[in-house]
Amino acid sequence: MRLLNRFTIDRPRRAGFTLIEVMAAIFLTSMVITFAVSFYINLANISQAAIIRTRQTLQATSAIERVARDLASTAFIVKSEETDPLAHPWAFVAESRFAFDGSDLIRFNSRSKSPGEGAYHDSDLLQIVYQAIDEEDGSLTLLRWSSPGLPTGQFADYPGVDDDRNFVVAEGLGSFSLRFLDDNAQWLSAWDSSQLENSSELPVGVEIDVSVWQGESEDGWSDNTDDAQHFVKRVYLYQRPLDLNEMIRERDEAEAKDKADSLTVGGQGKRAESSEGENNPQNADESFGGEVASQGSVAECVRNNWALCVERYGEGNCGVWSNVTSVPLGAFGIDIPWCQ
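Every letter in the sequence shown is one number past the one before it in this note's numbering, and letter 138, counting from 1, is 172.
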């Protein structure tokens, strides 16, 4: 033993980590990495959810604004009593196809068409139809159909889905519904201008309600009505129905009243002039410039018999003679028999 120890080399001790310290460092490092990864994943999920929510908000608000812009420009002319309801092209009709509390199908006339760039006048009237169609996955697609001008009569039916004039406003909607405010401040789920009685032909306002499709739950049922965020906007129709017959009647009454007033004012003016003439009689001298004609002169004779003078000698001669104020009638070379 002593012999072996003689060959043993004594090495200096060096500072280092114990196993426990190494394990603690590894544990703390893993905790920090786990926290950082979890934070990154949560941040990514939140960002993705925010992107989805923003996309849904833009999708819903763009659809609402499109419908609201057309509804705000609604135009309607009241049907006259002698017009056949089926031949009247102005209508505002809304009904339900898939909506539970409101209408998802509407047709009306609007003045929202952009004017053309040509030299010819282009009407801004449009026939507009909005309808929501059901897709295979349960979502809704909102279509907008439009046609310039007015129809020849009432719509017999709504345009088909495959019509070339259809335009996709929004896809992937969970719901689309419209409600209508009447004159009694009551919200109605449907509207038909051809069937309303004792009311105006247009609602006072329209409420647009849109939600985005959230998909189906695990049991196969959709929870869109409960979980989905609803976007709501109310549009007030400030342009009220135009009654052309009533406008024509009011115009005729106003013209007749103005005519009667003008006749009344004219009669009063004539009576005033007559009264003024009676109170302040104008003599012949004032009628011919105010220069006084001497008695027995040519001017006095002509002025006092002006009509007879004009009839015989003409207005030009009589006008000259009416200013001969100092020449006696006997010395005048022209015979004026009315004053002899």
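Note that the Cβ used here is the ideal one computed from N, Cα and C, for glycine as well.
So, is Ile383 buried or exposed, given that buried needs 16 or more other C-beta atoms within 10 angstroms?
As shown, the chain starts at 35 and ends at 374. That puts residue 383 outside it, with no answer to give.
Just mark Tyr164 as buried or exposed, buried being the case when its beta carbon has 16 or more other beta carbons within 10 Å.
buried
Using beta-carbon positions only, say whether Gly239 and Phe214 come within less than 9 Å of one another.
yes
Restricting to Cα atoms, I'd like to know which of Ser146, Glu169, Ile167, Ala166 is closest to Leu159.
Ser146
Taking only three categories from DSSP, how would you classify Ala97?
helix
First and last residue of the uninterrupted alpha helix (DSSP H) at Ala341
340-347
Spell out the partners DSSP gives Gln165 in its beta bridges.
Leu139, Leu177
Would you mind sorting Trp124 into buried or exposed? The rule is 16 or more other CB atoms within 10 Å of its CB.
buried
Residues near Pro237 by beta carbon distance below 7 Å, same chain, minus five either side:
Phe214, Leu215, Asp216, Trp225, Leu271
For a test of the three-state rule: what should DSSP assign to Gly239, helix, strand or coil?
strand
Three-state secondary structure (DSSP) of Val202:
strand
Tell me, which residues are paired with Arg89 by DSSP?
Its beta-bridge partners do not exist; DSSP assigns none.
Within 10 angstroms of the Cβ of Lys113, are there 16 or more other Cβ atoms? Answer buried if so, exposed if not.
buried
Using alpha carbons as the reference points, say which of Asp196, Ile368, Asp243, Leu222 lies closest to Leu177.
Asp196
Using 10 angstroms around the beta-carbon of Glu334, count the other beta-carbons present and answer buried if the total reaches 16, otherwise exposed.
buried
Nearest-angstrom Cα separation, counted from Asp118 out to Leu278:
16 Å
Residues bridged to Phe210 (per DSSP)
Val244
What is the rounded straight-line gap between the Cα of Arg131 and the Cα of Lys293?
56 Å
Cβ separation of Thr108 and Phe126, assumed to be a contact under 8 Å, to the nearest whole Å:
7 Å
Can you check which of these residues, Ser72, Glu129, Glu55, Trp372, is closest to Leu212 by C-alpha distance?
Glu129
Spatial neighbours of Asp171 within its chain, please: C-beta separation below 6 Å, excluding the five flanking residues on both sides.
none
Proximity of Val326 and Val358 at Cβ, strictly below 9 Å:
no
Once the 5 residues before and after Glu205 are set aside, which same chain residues still bring their CB inside 6 Å of it?
Thr175
Buried or exposed: where does Glu116 fall if 16 or more other Cβ atoms within 10 Å of its Cβ makes it buried?
exposed
Span of the beta strand (DSSP E) around Glu129
126-129
Assuming Arg337 and Ser360 form a contact by the criterion Cβ under 8 Å, report the distance between their Cβ atoms to the nearest whole angstrom.
Not a contact, Cβ separation roughly 14 Å.
Gln263, buried or exposed, once every other Cβ within 10 Å from all chains shown has been counted against 16:
exposed
From Gln248 to Ile86, what does the alpha carbon distance come to, in whole angstroms?
11 Å
Pick from Asn339, Pro275, Arg100, Ile368 that is closest to Arg268, judged by C-alpha positions:
Arg100
Just reading off the beta strand (DSSP E) that His122 is part of, what are its end residues?
It is not in any beta strand (DSSP E) - His122 carries neither H nor E in the DSSP assignment.
Just the Cα atoms here: how many angstroms apart are Arg283 and Ala290?
11 Å
Residue closest to Leu184, alpha-carbon to alpha-carbon, out of Phe110, Asp369, Ala59, Arg89:
Phe110
Looking at C-alpha atoms only, which residue of Ala121, Val246, Leu222, Asp198 is the closest neighbour of Phe265?
Val246
Nearest by alpha-carbon distance to Arg103: which of Ser328, Gly208, Ile167, Glu241 is it?
Glu241
For a test of your reading of the model: does the CB of Asn357 fall under 8 Å from any non-hydrogen atom of the ligand GDP? Yes or no.
Looking for the ligand GDP in the displayed structure turns up nothing, as the structure carries no ligands at all.
Outcome for Val203 when other beta-carbon atoms lying within 10 angstroms are tallied against a minimum of 16
buried
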